[in-house]
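Under our numbering, the first residue of the sequence shown carries the number 8, and numbering increases by one thereafter.
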Amino acid sequence: MNAKEKKAILVVSFGTSYNPTRELTIDVIEQDIQKAFPDYQVYRAWTSKMIIRKIWKRDRVKIHTVTEAMEQMKADGITHVIVQPTHVINGIENDIMKEDAMAFQDSFSSICFGTPLLTSSDDNMTVIQAVADEFSNLEGDEALVLMGHGTTHYANSVYAALDYTFKDKGHPNIFLGTVEAYPSFESLLRMLHSFEPSRVILAPFMIVAGDHARNDMAGDDPASWMYQLQSEGFEVKPVLKGLGEYEGVRRLFLSHVEQAIACAG
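What follows is the structure, encoded as structure tokens:
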């Protein structure tokens, strides 16, 4: 790198208003990236403007949008940018993030993007292994139910593919559904009744164990997955641990940054 070059990695997350889960997930992912790539300055941006506003109002902590982070890097004299999302899939958030970043392509010598968590079939296998490692104590007659977010974007098909692959790779008791798309909770319920588990372990398939995990998954509301599963007669144990806490998942993000750096040349 010549003396005039200044390199940065912008880590883009959806964001969370739950500070304890942020400290265990987004913060640690960013710290891992900084440790692994000491020649790069690490910046943060979040894509949820609603969460950004909430944090500012509550904590008076300013978190940049992608546009603001790009402006900050430009002001700091950064010349080469790697953008690494912590998004789970190549969905709507990721598309918008890329558009926002590429609006600055004339301001930097290069902008290269790392890929979201589940981009290639190798990624899928790595994440399946990370989940299996995390729940290695799961008994054969217990079921692990993972709650993904889901999206109207065509990339949503990865959830159904992953659910199938869990079973194909020898994990017939691991099920993956989504809050907002397919596989739906109704689909999951049918499969669980067929499986007849002794109990259900319920965990978020999201980077952070935030609002969805605490309310839609494990909340007291009759619409929550835990409440509905208990109503169907299942014994349920919720695990409020985001994917960002899984070591295998964080390692995968590091390899995506590496690929982006290689691509940048």
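Built from N, CA and C at the ideal position, the CB exists for glycine as well. Values in this document were obtained by computation on a predicted structure and should not be read as measured data.
| Asked | Found |
| --- | --- |
| Inter-residue spacing [alpha-carbon to alpha-carbon] between residue 108 and residue 48 | 17 angstroms |
| Per-residue burial, residue 240 [other beta carbons within 10 Å of its own, 16 or more giving buried] | exposed |
| contact_flag[the stretch 201-215, the stretch 246-256] where n(CB pairs < 8 angstroms) is 3 or more | yes |
| The ligand ATP heavy atom lying under 7 angstroms from the CB of residue 223 | For the structure depicted, the ligand ATP is absent and the ligand set is empty, with no information on it obtainable. |
| Paired residues, beta bridge with residue 119 - DSSP | 89 |
| When 178, 194, 175 are compared against residue 184, the one with the closest alpha-carbon | 194 |
| Extent of the continuous beta strand (DSSP E) to which residue 208 belongs | 207-211 |
| Selected residue, minimal CA-CA separation from residue 65, among 85, 84, 23 | 23 |
| Sufficient close CB pairs (3 or more, under 8 angstroms) joining the stretch 228-236 to the stretch 72-86 | no |
| Residue 162 beta carbon less than 8 angstroms from that of residue 96 | yes |
| Residues that DSSP places opposite residue 20 in a beta bridge | 53 |
| Beta-carbon proximity check, residue 181 vs residue 209, cutoff 8 angstroms | no |
| DSSP state of residue 216 mapped onto helix, strand, coil | coil |
| Residues bridged to residue 112 [DSSP beta-bridge criterion] | Looking at the DSSP assignment, residue 112 forms no beta bridge with any residue, so it has no partner. |
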